[in-house]
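Listed in order, the protein sequences are those of chains A and B.
Counting from 1, position 253 in the first sequence corresponds to residue 252 in numbering that gives the first Met the number 0; the numbering is continuous, with no gaps.
Counting from 1, position 277 in the second sequence corresponds to residue 276 in numbering that gives the first Met the number 0; the numbering is continuous, with no gaps.
Ideal Cβ placement from N, Cα and C applies to all residues, glycine included.
These numbers come from a predicted model, not from an experiment.
Here the structure comes first, spelled out in structure tokens, and everything after it is commentary.
Protein chains: 2
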Amino acid sequence: MIRKLCIIGVGLIGGSAARRARGFCEEIVGVDADPGNLHRAEALGVIDRGHASVEQGVAAADVVLIATPVGAIEPLLHELKPFWRPDCVYTDAGSTKGNVVEAALRVFGAVPPNFIPGHPIAGAERSGVEAADAGLFEGKRVILTPLPDSAPDALARVEAFWARLGARVERMDVGHHDEVLAATSHLPHVLAFTLARMLGRKDEQAEIFRYAAGGFRDFTRIASSDPKMWLDICRANRVPLLELLGEFEAALREVAGLVRSGDADGLHACFSEAKAARDKFLKLTENNHA
Amino acid sequence: MIRKLCIIGVGLIGGSAARRARGFCEEIVGVDADPGNLHRAEALGVIDRGHASVEQGVAAADVVLIATPVGAIEPLLHELKPFWRPDCVYTDAGSTKGNVVEAALRVFGAVPPNFIPGHPIAGAERSGVEAADAGLFEGKRVILTPLPDSAPDALARVEAFWARLGARVERMDVGHHDEVLAATSHLPHVLAFTLARMLGRKDEQAEIFRYAAGGFRDFTRIASSDPKMWLDICRANRVPLLELLGEFEAALREVAGLVRSGDADGLHACFSEAKAARDKFLKLTENNHA
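Here you go:
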């Protein structure tokens, strides 16, 4: 049982954690820069109490979950620093981890041994505390990126916390995390945003969206994600993301070359390889949920 | 009531048309190069009878629906030519239309006035007659691309045919059709294939698919489409597709530039524009289904 859980940033992720943590926390408080958001979270019963001040929020907390946008983490660590306590454990839910570790290094000189960066691979195009869902993390992976100096007992406590939210907890090297997520999440988001924007401009000139079907809807679903959140992620993870954007551009030029030359065998091999890759991914996903 | 409907190519599209046409056709026959496929279509009750020969299939038919892969249409028109009858109407279901018109020009010297090219914007990653579904065209758009020489009564009969399959029939200029579909369908497919293939290779080296989430699943859904069908489409519609691939590459390079320079305002504007475009598309889709 956790006596007091403090959630900083009560949006979809923070709110969903709060809803699920209800079963194993005596008290859940929220801290949020937006007073309206705190009121809504209280009114919805997501948190017991909201605090505008970090100091009040984290006082006597056993676990602090940082669930703010990625870009807000560094200033927040500055605010937390004077109230940082060795008997509490800290984790975050940022989609990128290298930048969080660097921020902690800049703020504290060394990453505090009781701060275990984390990333729940769960989300939705929806955002905000209204969309909070106690089942959001159920069966989903949470990647923790502990550091050589992380305290084993803090790591164990943070692992147990995420596991009680329903997640399957794994550990990964910080750099590897950011490369993997750049490939499976950040690159697809940038592609979807780029396509939706480009076709939106075409639609202004000639109606094209009315002739788009379900495939287009699925392909661009992630383009409905929160622009602010994604600009933060793109900035935070720009090094691996840029490398992948370059790789994708080269891959696309290769396929365009096959289209240009009308190379039937080449296109067949290319599309078949793509289909096989996706089938492999699907099989893995089914196993994940089995 | 149609006395005899002949469907050439009894796959998902042809089979779905047959299932729905059951209610307003006395007889439905199928022609398919694959005898096993014809047997399955008969056994499933999708068609009344299968013919290996085009001659037998189209004999005394009132309506002929060509539902073969796009790449098979020109040789098929050659086979049909000796048996072409002025009292029958012909339509097709190819995803590209310029190439079908060109094929008809090459085969007949002029597009026959009773051949009205069409494109049902409906489909699925599934394929084959087993996936045939009487509701596949319900509420979906079918774009007909009649030509200046098209016979008005043939156009009226083909429009009525598609409408009775449940579709909302529209007319469009051939070239405009191919440009619109290159943007809303062919380009997204090529992007999804390219990404799935590229990440499949990465997954061979380091497991990345296990950390991919629902966004990735949706984004790459169309990469599970039939490679043969899509290589045909890419070849048939290569001119507008290549132009859009070039535009996309330029758009992607612009976004990469914003990521590289860490331009928060620029990225926010870009992603917001993308989100607004997709929201517009979604609203339109809802209205379509209203």
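With a threshold of 16 other CB atoms inside 10 Å of the CB of residue i, please say whether the residue is buried or exposed.
i         : result
A:His-185 : buried
A:Ile-7   : buried
A:His-118 : buried
A:Glu-158 : buried
B:Met-0   : exposed
A:Lys-274 : buried
A:Gly-56  : buried
B:Ala-109 : exposed
B:Arg-259 : exposed
B:Phe-270 : buried
A:Arg-234 : buried
A:Ala-155 : exposed
B:Ala-249 : exposed
B:Phe-280 : buried
B:Gly-214 : buried
A:Lys-3   : buried
A:Lys-282 : exposed
B:Ala-255 : buried
A:Ala-51  : exposed
Output yes or no for whether 8 Å exceeds the beta carbon distance between residue i and residue j.
i         : j         : result
A:Phe-247 : B:Leu-194 : yes
A:Val-9   : A:Val-99  : no
A:Arg-167 : B:Ser-223 : no
A:Leu-11  : A:Ser-149 : no
A:Gly-35  : A:Glu-41  : no
A:Lys-96  : A:His-188 : no
A:Ala-17  : A:Ala-131 : yes
A:Ala-290 : A:Pro-116 : There is no way to answer for residue 290 of chain A, as the model of chain A reaches only from 0 to 289.
B:Gly-138 : B:Gly-174 : no
A:Phe-218 : B:Ile-221 : yes
B:Gly-44  : B:Leu-37  : no
B:Glu-169 : B:Arg-140 : yes
B:Val-106 : B:Leu-143 : no
A:Arg-216 : B:Thr-284 : yes
B:His-267 : A:Pro-226 : yes
A:Arg-84  : B:Glu-272 : no
A:Gly-261 : B:Arg-252 : no
On the DSSP bridge list, what partners appear for residue i?
i         : result
B:Pro-119 : B:Val-141
A:Arg-167 : A:Arg-140
A:Leu-64  : A:Ile-6, A:Thr-90
A:Cys-24  : A:Ile-1
B:Gly-29  : B:Ile-6, B:Gly-49
Kindly list the residues whose CB is nearer than 6 Å to the CB of residue i, restricted to its own chain and excluding five residues on each side of it in sequence; keep chain order.
i         : result
A:Pro-68  : Met-228, Asp-231
A:Leu-146 : Val-110
B:Glu-54  : Phe-82
A:Glu-78  : Val-53
B:Cys-24  : Ile-1, Leu-4
B:Arg-39  : Val-128
A:Gly-13  : Ile-6, Ala-66
B:Glu-26  : Lys-3, Asp-47
Given residue i, which residues of its chain have a CB within under 8 Å of its CB, disregarding the five upstream and five downstream residues?
i         : result
B:Ile-72  : Ile-65, Asp-91, Gly-93, Asn-98, Val-99, Ala-102
B:Gly-265 : Leu-257
A:Ala-289 : With a pLDDT of only 40 at A:Ala-289, under 50, the local geometry of the prediction cannot be trusted, and the value read off the model is given with reservation. Closer than 8 Å at Cβ, skipping near neighbours: no residue.
A:Phe-136 : Ser-15, Ala-16, Arg-19, Pro-119, Ala-121, Trp-161, Leu-164, Gly-165, Ala-166
A:Leu-240 : Ala-181, His-185, Leu-186, Val-189, Cys-233
A:Lys-80  : Val-106, Phe-107
B:Arg-21  : Ile-27, Ala-133
Spatial neighbours of residue i within its chain, please: C-beta separation below 7 Å, excluding the five flanking residues on both sides.
i         : result
A:Phe-114 : Tyr-89, Ala-103
A:Val-63  : Cys-5, Ile-7, Val-57, Cys-87, Tyr-89
B:Ile-207 : Leu-198, Lys-201
A:Gln-204 : none
B:Ala-296 : With chain B represented from 0 up to 289, any question about residue 296 of chain B goes unanswered, as that position is not in the structure.
How is residue i classed by DSSP in three states: helix, strand or coil?
i         : result
A:Thr-193 : helix
A:Thr-90  : strand
B:Leu-4   : strand
A:Arg-48  : strand
A:Gly-10  : coil
A:Ile-232 : helix
B:Glu-178 : helix
A:Ala-289 : Note that A:Ala-289 scores a pLDDT of 40, beneath 50, so its modelled location is shaky; the value from the coordinates is reported in the next line. Note: A:Ala-289 maps to coil in three-state DSSP.
A:Val-110 : coil
B:Gly-134 : coil
B:Gly-70  : helix
A:Lys-282 : helix
B:Thr-219 : coil
B:Ser-149 : coil
A:Pro-85  : coil
Comparing the CB of residue i with every heavy atom of the ligand HEM, is any distance shorter than 7 Å?
i         : result
B:Leu-135 : This structure does not include the ligand HEM; it has no bound ligands of any sort.
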